[in-house]
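Participant: Can you read through this structure? Questions will come right after.
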Amino acid sequence: MGRMHADGTTTDAALVQRLLAAQFPALAGLPVERVGSHGTVNTIYRLGTDLVVRLPRAEGGSRDVVTERRWLPRLARGLPVPVPVPLAEGVPAEGYPWSWSVCRWIDGDNPAAGSGSAELAGDIAEFVLALRRVDSTDGPPAYRSEPLAARDAETRAVLAALDGVIDTATAAAVWSDALRAPGPQGPPVWVHGDLQPGNVLVSGGRLGAVIDFGCMGLADPAVDLIAGWYLLPAGPRRILRTRVGADPAMWARARGWALSVALMELSSYRTSNPVMAGIARHVIGEILEEPERSGSAG
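Take the sequence shown: its position 222, counting from 1, is numbered 1069 in the working numbering, and each next residue is one higher.
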């Protein structure tokens, strides 16, 4: 894919080689190969067999580089699966305008949307609970740290724009249910913030790694439960809910988060990123087809 953001840029392997030669000459002789990805934040290049170069597609992704370098080493110590702790941080050069990073390569495959098993549901629950237990002292707000109600105007605007594309009447009813749910009763906790197929690696059907922590920070724990609709079918989704101890209010908020995020992704990427748009359609369909969508559903 080319440029997906108005302030974005395009890159190639030759640019990566020039950046490495100028800033990390010890790595400059390694082969560079672009990795196929439907991600919207970073363009990924494999560097040799053990490393990966991540070049943000837009300025916001560059800010994520700084956040990840500061906080991922702290989070990694408490997590049950590998995460891409940055090894080196590059600076703008060679016509490329933003910070970038070098990380360890982690083997694994992105799962198909909604394909996860009961075992994967348990693994995700273990990851989410471990992340919540990390000391939150001085932690930054997550990308999705706002109350769900703060997304109301934008979510309804996107619903209006998608009229005729999806069942917007049912989607609006689900969204209203989510807004009626009580808010979180405890303090914000660490969240990944974007647990969907492109940010998860599986091996043998089990969770192998979680990547791309650009949205991480402190937020409502319901935010990470979007994984229930992005990664799992109905049965394993119920397992996730049980394992994390989500009460009806948290689960209703989680459904609202998943719906709002998917609606915005479908609206934004219908033409520029068909894979992301397809995932968003899947998530919306799963939510709208649930037999019971109120906060007491499970």
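The beta-carbon is built from N, C-alpha and C at its ideal position, and this holds for glycine as well.
In the DSSP output, which residue or residues are listed as bridge partners for residue 1073?
Facilitator: None, per the DSSP bridge assignment.
Participant: Would you check if the distance between the CB atom of residue 956 and the CB atom of residue 863 is smaller than 7 Å?
Facilitator: no
Participant: Straight-line CA distance for residue 973 to residue 913?
Facilitator: 27 Å
Participant: Is residue 991 helix, strand or coil when you go by DSSP?
Facilitator: Three-state result, residue 991: coil.
Participant: Okay, do the segment 1033-1042 and the segment 962-982 touch, 3+ Cβ pairs below 8 Å being the bar?
Facilitator: yes
Participant: Could you spell out where the alpha helix (DSSP H) holding residue 912 opens and where it closes?
Facilitator: 906-923
Participant: Taking the alpha-carbon positions, what's the residue 1092 to residue 976 distance?
Facilitator: 10 Å
Participant: From residue 1073 to residue 915, what distance separates their C-alpha atoms?
Facilitator: Whole-angstrom Cα-Cα distance: 21 Å.
Participant: With DSSP run on the structure shown, which of helix, strand or coil describes residue 875?
Facilitator: coil
Participant: Restricting to runs no shorter than 4 residues, where is the alpha helix (DSSP H) found entirely within the segment 1083-1142?
Facilitator: DSSP runs (the alpha helix (DSSP H)) wholly in the segment 1083-1142: 1095-1116, 1121-1136.
Participant: From residue 1033 to residue 940, what distance separates their C-alpha atoms?
Facilitator: 44 Å
Participant: Where residue 882 and residue 978 are concerned, what is the direct C-alpha to C-alpha distance, given to the nearest angstrom?
Facilitator: 28 Å
Participant: Less than 6 Å between C-beta atoms, sequence neighbours within five positions excluded: which residues of the same chain meet that for residue 900?
Facilitator: 863, 892, 894, 949
Participant: Across the segment 922-929 and the segment 1053-1062, are there enough close Cβ pairs to call them in contact, namely three or more that are closer than 8 Å?
Facilitator: Yes, they touch.
Participant: Looking at residue 875 and residue 866, is the spacing between their C-beta atoms short of 7 Å?
Facilitator: no
Participant: Return the bridge partner residues of residue 1056 from the DSSP annotation.
Facilitator: The partner list for residue 1056 (beta bridge, DSSP) reads 1048.
Participant: Give the range of the alpha helix (DSSP H) segment to which residue 860 is assigned.
Facilitator: Here the alpha helix (DSSP H) through residue 860 covers 860-870.
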